[in-house]
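By the count of this note's numbering, the sequence shown reaches residue 438 at its end, each step adding exactly one.
Glycine included, each C-beta is placed from N, C-alpha and C at the ideal position.
Being a predicted model, the structure only gives us computed values, none of them experimental.
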Amino acid sequence: MNKNLQQISLALIALSLSGCATIFTGTTQKITVSSDQPDAEVFVNNAYKGKTPARFSVSKKGNNEVITVKKDGFISQDIATQKGFNGVAILNLINPIAWGIDLLTGAVNRVSPNEYVIKLEAKK
Numbered sequence: 315m316n317k318n319l320q321q322i323s324l325a326l327i328a329l330s331l332s333g334c335a336t337i338f339t340g341t342t343q344k345i346t347v348s349s350d351q352p353d354a355e356v357f358v359n360n361a362y363k364g365k366t367p368a369r370f371s372v373s374k375k376g377n378n379e380v381i382t383v384k385k386d387g388f389i390s391q392d393i394a395t396q397k398g399f400n401g402v403a404i405l406n407l408i409n410p411i412a413w414g415i416d417l418l419t420g421a422v423n424r425v426s427p428n429e430y431v432i433k434l435e436a437k438k
């Protein structure tokens with residue numbers, strides 16, 4: 315009986331030291347970028363991520379990411395991701411440690427939208 319009480323106590327301590335949004339939604343989020351031109355190159359903050367349609371993870375922490383879509387013969391397009399409040403963080407209730415963890419890891423944010431469709435215009 316005493317061992318069960320110890321295990322329950324350890325589990326409760328572990329849960330109280332973890333942010334809910336960090337546990338349930340993580341610190342990164344998958345987004346999809348597609349374009350009206352197949353095989354356009356996709357960059358996030360100048361780092362190559364693949365060709366359209368591309369699916370990859372972006373960090374929820376810090377500033378908005380800049381997505382650039384390029385293809386020869388077309389004008390490149392830039393779009394910034396938008397970050398907003400992740401409602402799952404409400405599960406932290408009044409636990410300041412959990413709120414702190416979610417704030418430090420970025421899990422308190424969500425990227426919206428999670429799908430971007432880019433229209434590329436032909437160069438003249």
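- With fewer than 16 neighbouring CB atoms inside 10 Å of its own CB, residue 361 falls in the exposed class.
- Approximately 6 Å separates the beta-carbon atoms of residue 425 and residue 397; this is inside 8 Å, confirming the contact.
- Rounded to the nearest whole angstrom, the CA to CA distance from residue 367 to residue 373 is 19 Å.
- Look at residue 347 here: in three-state DSSP terms it is strand.
- Apart from sequence neighbours up to five positions away, no residue of its chain approaches residue 404 with a beta-carbon distance below 6 Å.
- Its chain contains 420 as the residues whose beta carbon lies nearer than 6 Å to that of residue 375, once the 5 sequence neighbours on both sides are disregarded; these appear in chain order.
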